[in-house]
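Reviewing the structure listed below.
In full-length UniProt numbering, the protein residues as written are 1 to 113.
Following this line, the structure appears as structure tokens:
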């Protein structure tokens with residue numbers, strides 16, 4: 001019985017990892033409305049010299065009125081994992097810019113990772 005439970009957890013973890021391969025987490029982008037988030041994300045991708053045009057995004061967590069100091073992360077769903085790898089490697093291009101200072105990208109990880 002315990003082996004079945006362990007194998008089930010392993011299987012679920014593997015599926016969860018596969019689902020997250022095409023996601024990236026954008027951290028420290030100040031809160032605004034959804035349309036502005038999409039526009040700022042497109043600007044960010046342009047600074048990183050990315051040719052990614054199609055993506056979905058949404059803020060993680062519940063909104064509160066006092067998100068100035070700690071904005072909620074943005075989850076970006078991309079078409080494939082190669083886009084994720086490109087963005088993770090290219091985030092160094094954001095450091096010299098004062099506009100994007102403090103903005104970070106992270107891969108979407110499971111709780112176990």
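Glycine is no exception: its CB is placed at the ideal position from the N, C-alpha and C atoms.
Specify the secondary structure class of residue i as computed by DSSP and reduced to three states.
i, result
"residue 50", "coil"
"residue 89", "helix"
"residue 60", "coil"
"residue 77", "strand"
At which residues does the beta strand (DSSP E) containing residue i begin and terminate?
i, result
"residue 106", "104 to 107"
Quick one: give me the first and last residue of the alpha helix (DSSP H) that residue i is part of.
i, result
"residue 16", "2 to 20"
Could you tell me which residues DSSP pairs with residue i in its beta bridges?
i, result
"residue 28", "In DSSP, residue 28 forms no bridge with anything."
"residue 35", "Beta-bridge pairing links residue 35 to no other residue."
Around the Cβ of residue i, are there at least 16 other Cβ atoms within 10 angstroms (buried) or fewer (exposed)?
i, result
"residue 108", "buried"
"residue 28", "exposed"
"residue 74", "buried"
"residue 20", "buried"
"residue 114", "The first residue shown for the chain is 1 and the last is 113, placing residue 114 beyond what the model contains."
"residue 33", "exposed"
"residue 37", "buried"
"residue 39", "exposed"
Can the beta-carbon of residue i be found less than 7 Å from the beta-carbon of residue j?
i, j, result
"residue 88", "residue 105", "yes"
"residue 42", "residue 56", "no"
"residue 97", "residue 48", "no"
"residue 84", "residue 24", "yes"
"residue 13", "residue 71", "no"
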